[in-house]
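Chemist:
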Amino acid sequence: MRVYVPTTLAGLAQAHSGGALDQSAAYAVTPALREWYVSDDIEELEYAALVRAAQSSLRLLAADPGAPRRRVVVALDIPDRAVRPFGGDEYQDQASLGRVTLAEPVQLAKAAAVHADADEAEVLADVAGAAGAVTAADAGDADAQFTVDGAEDHELLWFATQEIPALLS
Numbered sequence: 423m424r425v426y427v428p429t430t431l432a433g434l435a436q437a438h439s440g441g442a443l444d445q446s447a448a449y450a451v452t453p454a455l456r457e458w459y460v461s462d463d464i465e466e467l468e469y470a471a472l473v474r475a476a477q478s479s480l481r482l483l484a485a486d487p488g489a490p491r492r493r494v495v496v497a498l499d500i501p502d503r504a505v506r507p508f509g510g511d512e513y514q515d516q517a518s519l520g521r522v523t524l525a526e527p528v529q530l531a532k533a534a535a536v537h538a539d540a541d542e543a544e545v546l547a548d549v550a551g552a553a554g555a556v557t558a559a560d561a562g563d564a565d566a567q568f569t570v571d572g573a574e575d576h577e578l579l580w581f582a583t584q585e586i587p588a589l590l591s
């Protein structure tokens, strides 16, 4: 199963030096996500799971003001048995769509790719603004949601796992 693990550059650096991502939250193509997007195209559904993970990465940035303002998502292929359903109700809570729980830390060596924001001034400014506004957006503030949407307008870039050291420097 392909899962998308949200993290930050600091979390990626820790996983790179320690060998494992100890983040238990991840996103995947779940039945609820499949129903919400009403699509049979696996690439579209995996992209939706990636976007959900990027939104979660933004929340991690909001919780860590010292982290560089770049969203990071690690894509991994892991056995189905290593993934557990999320304990919440995906069908009732749209923010939980596609969320799963990893049974144990996963080895970064199993990563298929890393997705991260570009290291460009405009992107960094939009992500920083969104990280500062995401809590208010979650509470229903329309202006804050507009700011968060501005960050989501930027596509995450794809990085091969061999590029992780350069991404971290």
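Position one of the sequence shown corresponds to residue 423 (the numbering used here), numbered consecutively onward.
C-beta: ideal position from N, C-alpha, C; glycine also.
1. List the endpoints of the continuous beta strand (DSSP E) containing residue 530.
2. Could you spell out where the beta strand (DSSP E) holding residue 507 opens and where it closes?
3. Looking at the structure shown, is residue 428 part of a helix, part of a strand, or coil, going by DSSP?
4. To the nearest angstrom, how far is it from the Cα of residue 586 to the Cα of residue 569?
5. Opposite residue 581 in the DSSP bridges: which residues?
6. Please list the segments of the beta strand (DSSP E) lying wholly inside the segment 439-505, counting only runs of 3 or more residues, in order along the chain.
7. How is the alpha helix (DSSP H) around residue 590 delimited, first residue to last?
8. How long is the line joining the alpha carbons of residue 548 and residue 440, rounded to whole angstroms?
9. Figure out for me which residue from 496, 552, 506, 521 has the closest Cα to the Cα of residue 532.
10. Tell me whether residue 448 is buried or exposed, calling it buried when 16 or more other Cβ atoms sit within 10 Å of its Cβ.
11. Does the segment 480-490 come into contact with the segment 427-440, if we say contact requires no fewer than three beta-carbon pairs (one atom in each stretch) closer than 8 Å?
Modeler: Result, derived from the coordinates:
1. Within the sequence shown, the letter at position 108 stands for residue 530. Segment: none, residue 530 is in no beta strand (DSSP E) and carries neither H nor E.
2. Within the sequence shown, residue 507 is the residue found at index 85, counting from 1. Per DSSP, residue 507 belongs to the beta strand (DSSP E) from 505-507.
3. The residue given as residue 428 occupies position 6 in the sequence shown. Strand, per DSSP.
4. Walking along the sequence shown from the start, residue 586 turns up at place 164. Walking along the sequence shown from the start, residue 569 turns up at place 147. Using only the alpha carbons, I get a separation of about 29 Å.
5. For the purposes of this step, residue 581 is identified with residue 159 of the sequence shown, where counting begins at 1. Looking at the DSSP assignment, residue 581 forms a beta bridge with 536.
6. 447-449, 494-499
7. Against the sequence shown, residue 590 aligns to sequence position 168. DSSP places residue 590 inside the alpha helix (DSSP H), whose first and last residues are 586-590.
8. Taking the sequence shown and counting its residues from 1, the one referred to as residue 548 is at position 126. Taking the sequence shown and counting its residues from 1, the one referred to as residue 440 is at position 18. Cα-Cα distance, rounded: 30 Å.
9. As a first step, residue 532 is located in the sequence shown; it is residue number 110 there, counting from the start. With distances taken between Cα atoms, residue 532 lies closest to 496.
10. Counted from its first residue, the sequence shown places residue 448 at position 26. Label assigned to residue 448: buried.
11. yes
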